[in-house]
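In what follows, a single structure is set out as structure tokens and then discussed.
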Amino acid sequence: MRFNFAPQDILRMVRQRWYWFAIPFAILAMLGLFAISQMPALYKSRALLLVEGQQIPDDIIRSTVQAEAEERMLRVRAQVMARDNIIRVGERYGVFGNERMTRTEKNRIMQDQARIEIDRRQTGRRGQNASVMAEISFMDANPALAQRVANELMTQFQATIVEIRTEQASGTTDFLREEEQKVRRNLAQITDDIAQIKAQNPNALPDNRGLYQSTYQRLLIERDRIESQISDTQTQIGVLQLQKPVFESAGSPEEQDLRAKKRLLAQLRRQYQETYPDVIALKEEVLDLERDLDPSAFREDAREEIALLGRQLEDEDEGSADYDRIAARRSELQEQVRTLSATNGPVTASEASYQGQMMTLTSRIEGLTQARADIDRQVEDLESRIGKLPEVETRLFTLEQERERLSRDLAGIQAKRQEAMRSESIEQQQKGERVLVLEQPILPDEPSSPDKPKLALAVFAFAGALAGALVLIPEVLFAKVQSKSHLEDMMPGTPVIEVPRFQTADERTPKRIAMASLTAATVVLGVALSWTAYQTLT
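Residue numbers (the numbering used here): 1411 to 1948.
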């Protein structure tokens, strides 16, 4: 059977079974408070740190540590709370006592007792980085030990902050230094390649383009001039060939000049001696013309002159200047006579003039032809050099562009490395971030765990719930008619009249004794519960 419990039913149950609630509640509460009193007291020592941003303005020196402060603090916490480090701290300060434990057990104990909490706090100033609050704590049954371990963790936390920032700054500096060396190697390689190309192509360098082009134009102009001279000379040869009969039938101007000089020589001989300078000079001119125009007359006059020079040598002192001059002239005439004697025979003056002019023009043609051939070779060489210029210029231009780019990169990396070195110096001087110790770890005088008031409230709530369940369980599991409302539920529509039950004195006495006993037991348990609560919570 199931009944609906009205408020008067609940009041009836409380009135009839109040001891069912009070006695179990007191017993359970005392057991819970006793368990709380037996829990070991743990003392908590904590340190409070405030990590502020860089103190030097970024427009003066920009830090190379760009990671968020909270991210770095999480990394610091991970390093400080690492298994090996936290176990080493516990062993140093005797947290584990003399008990033999595995590293896993030691790590679990230290992780349970040590706490590092990171909290991000935004400052009220706009444009500034948020500050980071770090709370470092350690709990232990020994308050002095808790303080020492908390102080050690705080010291390691501060040192790790500086170490990480310095490491990051040093890492940036090392990276930039390696990049600088790499760029320097590439720049040196590019410079060597440029030097090698210039060494392999000394005659095809772009710097010589202007010189080559001007020289090329000059050679072309010179070749055109030489070709024009060759053409003019060939024309002169043709004209001379047409005039050959005239030379064969008439005397030449040279012959007329020869006759005039002979007449003048005769006049001078009548006036002066053979050693007179004008006579000597004119004789030499006459002999030169005779050698070309009248070889037979030249032979006769030359022999006479040689004999005369021989007599003059006899009169001069050997070793004097005149002696040497006369001897040289005599030898020259002898050689000319000997050479002239080896020719095929005498020619007329006109023929000699014709042959001389023809030989001159022919010699000029040969010289001009040789000069044109030389110019052709020079033009061909210049064309070959100019032809190589585009390829060499393209390679050099590409390498020069790359060298300029590497030079700019090198200058930029050097500037960044200098800035990174200044940033590293800031970190080494601990001026990048400021770590303020707001609270030092102190010796705790009150335990922080367990939280007895909260645990006592939980014990009371649990005992009350369990005692209340003991009151309701019989009504729910073993339901019976207890009131008028129950009958009305069982017999709907049937009028029900509730008649009170009267008890005799004999019936009331045992019940009163039982109630008095239960009341006394409840009072005793209540006093015991109060004393237990007082002892536990104070």
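We put the CB at the ideal spot given by N, CA and C, even for glycine. Remember, it's a predicted structure, so these values are computed and weren't measured experimentally.
Beta-carbon spacing of residue i, residue j below 9 Å
i, j, result
"Asn1618", "Arg1795", "yes"
"Ser1455", "Pro1860", "no"
"Arg1485", "Ile1546", "no"
"Ala1445", "Phe1870", "no"
"Gly1640", "Glu1810", "Correcting the residue type first, residue 1640 is Ile in the shown sequence and not Gly. Not in contact: Ile1640 and Glu1810 (Cβ atoms no closer than 9 Å)."
"Leu1458", "Ala1544", "yes"
"Ala1781", "Ile1636", "yes"
"Glu1803", "Pro1616", "yes"
"Val1696", "Leu1675", "yes"
"Glu1700", "Ala1691", "no"
"Arg1487", "Phe1431", "no"
"Leu1935", "Ala1524", "no"
"Arg1633", "Asp1786", "yes"
"Tyr1503", "Thr1932", "no"
"Asp1702", "Gly1766", "yes"
"Ala1930", "Leu1443", "no"
"Ile1716", "Val1747", "yes"
"Leu1586", "Ile1823", "yes"
"Pro1854", "Ala1551", "no"
"Ala1877", "Thr1946", "no"
"Asn1596", "Leu1799", "no"
"Pro1434", "Leu1928", "no"
"Arg1827", "Thr1583", "yes"
"Ser1833", "Ala1451", "no"
Residue i versus the options, residue with shortest Cα-Cα distance
i, options, result
"Lys1516", "Ile1528, Ala1492, Gln1566, Ser1706", "Ala1492"
"Ile1571", "Asp1494, Gln1489, Gln1945", "Gln1489"
"Glu1790", "Thr1904, Tyr1622, Asp1855", "Tyr1622"
"Glu1694", "Asp1711, Ile1636, Thr1779", "Asp1711"
"Glu1714", "Ala1554, Leu1743, Leu1555", "Leu1743"
"Gly1500", "Arg1558, Phe1435, Lys1826, Pro1705", "Arg1558"
"Thr1576", "Arg1482, Glu1527, Asn1613", "Arg1482"
"Tyr1453", "Met1549, Leu1703, Pro1434, Asp1494", "Met1549"
"Gly1720", "Ala1938, Ala1737, Pro1687", "Ala1737"
"Thr1643", "Leu1460, Leu1778, Pro1800, Val1881", "Leu1778"
"Leu1806", "Pro1920, Asp1602, Arg1740", "Asp1602"
"Gly1581", "Val1845, Pro1902, Met1831, Arg1844", "Met1831"
"Val1845", "Gly1442, Ala1451, Glu1462, Pro1434", "Glu1462"
"Arg1530", "Leu1460, Leu1586, Arg1498, Val1593", "Leu1460"
"Tyr1626", "Arg1818, Leu1792, Lys1862", "Leu1792"
"Ala1554", "Pro1857, Met1925, Phe1872", "Pro1857"
"Leu1563", "Asp1584, Ala1598, Gln1521", "Gln1521"
"Asp1494", "Arg1669, Glu1480, Thr1512", "Thr1512"
"Gly1797", "Gln1578, Arg1498, Asn1613, Leu1597", "Asn1613"
"Pro1863", "Gln1683, Thr1948, Arg1735", "Thr1948"
"Tyr1733", "Leu1750, Thr1685, Arg1498", "Thr1685"
"Val1542", "Arg1922, Val1847, Ile1883", "Val1847"
"Asn1561", "Ala1873, Gly1874, Ala1924, Glu1849", "Glu1849"
"Leu1966", "Ala1670, Arg1739, Ala1609", "No answer is possible for residue 1966: the residues shown for the chain start at 1411 and end at 1948."
DSSP bridge partner residues for residue i (one or two, in chain order)
i, result
"Leu1719", "DSSP output for Leu1719 lists no bridge partner at all."
"Glu1462", "Arg1844"
"Met1549", "Lys1454"
"Val1542", "Val1461, Arg1530"
"Ala1524", "Phe1548"
Expected contact under 8 Å - CB spacing of residue i and residue j to nearest Å
i, j, result
"Ile1519", "Phe1506", "7 Å"
"Leu1820", "Glu1588", "Their Cβ separation, rounded to whole angstroms, is 13 Å, which puts Leu1820 and Glu1588 out of contact at 8 Å."
"Glu1812", "Ile1600", "6 Å"
"Met1768", "Leu1650", "6 Å"
"Glu1480", "Ile1528", "6 Å"
"Pro1705", "Leu1750", "5 Å"
Length at least 4, wholly inside the segment 1827-1874: the alpha helix (DSSP H) runs in chain order: DSSP runs (the alpha helix (DSSP H)) wholly in the segment 1827-1874: none.
Continuous beta strand (DSSP E) assignments of at least 3 residues falling wholly in the segment 1776-1812: With a minimum length of 3 residues, no continuous beta strand (DSSP E) run stays inside the segment 1776-1812.
Whole runs of the alpha helix (DSSP H) within the segment 1542-1623, excluding any shorter than 4 residues: If one requires a minimum length of 4 residues, the alpha helix (DSSP H) runs lying completely within the segment 1542-1623 are 1553-1610, in chain order.
Any alpha helix (DSSP H) of 4 or more consecutive residues that is wholly inside the segment 1669-1718: Entirely contained in the segment 1669-1718, the alpha helix (DSSP H) runs reaching 4 residues are, in chain order, 1687-1703.
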